[in-house]
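J.: Have a look at this one.
Numbering (the working numbering), first residue to last: 6 to 248.
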């Protein structure tokens, strides 16, 4: 049967708020429950139920709210709640959740190059450990999963300077003269991709890794667009990466 009851952890965050809005835009197609920490935001948007827990390690509370749900999706801040994905996975299995979508909406953490960087104590180690636990649970039939691989968040990365463009100062940092192509998505596009997954027959996205891309661009192309829009020549710093 199609997914109906959706639980979200981190539904008020950077990406989570877009997914929450996209699900609610579907009307009564889904029943949405937002799980949040008591110290976080808890204003319930129209059409959603909000459940507050002390934290994401509250196993009894999580199992209680997750029981009867079809899907658990996490968008929580991993820096604020490290290790929460593993707690969520354990509770989801005990609650009988059908599908788990973990907090990892960037590059492919199952790629060998990512695994090579997962030395103990590194940020990558926690991410790969989580995915390995999910894959193991799925192989045993305890739960199913879906992973999204959107690469960069274009709007987020331009707003906060993460992609090397300081809009206010009219400065840009280009890697290898900005010649390399990259793909990226805006957060609303990622959110709609998540909703589209929920609308598909579960078997079509079961235990799948789904790469998504909205645009292909180069740093130089972005620079030219910014210069055209601002009517100014920007200060550029070129960065050469080692081969």
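Backbone N, C-alpha and C define an ideal beta-carbon position, used for all residues, glycine too.
#1: Just to confirm my understanding: we take residue 231, look at its own chain, exclude 5 residues before and 5 after, and list those with CB closer than 6 Å. What are they?
#2: Here's the rule: buried if 16 or more other CB atoms are within 10 angstroms of the residue's CB, otherwise exposed. What is residue 205?
#3: By DSSP, does residue 20 sit in helix, in strand, or in coil?
#4: Go through its chain and collect everything with a Cβ distance to residue 168's Cβ below 6 Å, but skip five positions before and after it.
#5: Give the C-beta separation of residue 196 and residue 157 to the nearest angstrom, bearing in mind that I take them to be a contact with Cβ-Cβ under 8 Å.
#6: Reducing DSSP to helix, strand and coil, say where residue 206 ends up.
#7: For my contact list, residue 39 and residue 55 are in at a C-beta cut-off of 8 Å; report their separation, rounded to the angstrom.
#8: Just verifying my parser: in three-state terms, what is the DSSP assignment at residue 157?
#9: Beta-carbon of residue 207 versus every beta-carbon of chain D: anything under 8 Å?
#10: Between the stretch 21-39 and the stretch 88-103, are three or more C-beta pairs nearer than 8 Å?
#11: At what residues does the beta strand (DSSP E) containing residue 54 begin and finish?
#12: Decide if residue 242 is buried, meaning its Cβ has at least 16 other Cβ atoms within 10 Å, or exposed.
#13: Confirm, please, whether the CB-CB distance from residue 183 to residue 225 is below 8 Å.
#14: Taking only three categories from DSSP, how would you classify residue 136?
#15: Give the DSSP bridge partners of residue 40, in chain order.
#16: Measuring alpha carbon to alpha carbon, tell me which residue in 12, 94, 108 is nearest residue 149.
#17: Using a 10 Å radius around the Cβ and a threshold of 16 neighbouring Cβ atoms, would you call residue 208 buried or exposed?
#18: In angstroms, rounded to a whole number, what distance separates the CA positions of residue 74 and residue 146?
#19: Between which two residues does the beta strand (DSSP E) containing residue 105 stretch?
#20: Excluding sequence positions up to five away, which residues of its chain have a Cβ less than 6 Å from the Cβ of residue 8?
#21: Does DSSP put residue 152 in a helix, in a strand, or in coil?
#22: Within 10 Å of its beta-carbon, does residue 216 have 16 or more other beta-carbons around it, so buried, or fewer, so exposed?
#23: Would you give the residue range spanned by the alpha helix (DSSP H) that residue 235 belongs to?
#24: If you follow the alpha helix (DSSP H) that residue 90 is in, where does it begin and where does it stop?
#25: With DSSP run on the structure shown, which of helix, strand or coil describes residue 195?
#26: Under 7 Å Cβ to Cβ from residue 176, same chain only, skipping five residues before and after it: list those, please.
T.: If we stick to the structure as given:
#1: Contacts found: none.
#2: Counting Cβ neighbours within 10 Å, residue 205 comes out exposed, since fewer than 16 surround it.
#3: Residue 20 falls in the coil class under three-state DSSP.
#4: Excluding sequence neighbours, residue 168 sits near 162.
#5: In this structure residue 196 does not touch residue 157 by the C-beta definition: roughly 15 Å separates them, more than the 8 Å allowed.
#6: Coil, per DSSP.
#7: With 8 Å as the limit, residue 39 and residue 55 qualify as a contact, their Cβ atoms being about 5 Å apart.
#8: Strand.
#9: No chain D is part of this structure, which consists of one protein chain only.
#10: No, the stretch 21-39 is not in contact with the stretch 88-103.
#11: Residues 53-58.
#12: With fewer than 16 other Cβ atoms within 10 Å, it is exposed.
#13: Yes. Within cutoff.
#14: Looking at residue 136 - three-state DSSP - the assignment turns out to be helix.
#15: BP columns for residue 40 point to 14, 56.
#16: Per the C-alpha coordinates, the member of 12, 94, 108 positioned closest to residue 149 is 94.
#17: Residue 208 comes out exposed.
#18: Taking C-alpha positions only, residue 74 is separated from residue 146 by approximately 17 Å.
#19: Where residue 105 is concerned, the enclosing beta strand (DSSP E) stretches over 104-106.
#20: 75, 76, 203.
#21: Looking at residue 152 - three-state DSSP - the assignment turns out to be strand.
#22: With fewer than 16 other Cβ atoms within 10 Å, it is exposed.
#23: Counting along the chain, the alpha helix (DSSP H) containing residue 235 begins and ends at 224-235.
#24: It spans 89-100 - the alpha helix (DSSP H) in which residue 90 sits, taken as one unbroken run.
#25: In this structure, DSSP gives residue 195 a helical state, which the three-state scheme calls helix.
#26: Excluding residues up to 5 positions away in sequence, 239, 240 lie with their Cβ nearer than 7 Å to the Cβ of residue 176 in the same chain.
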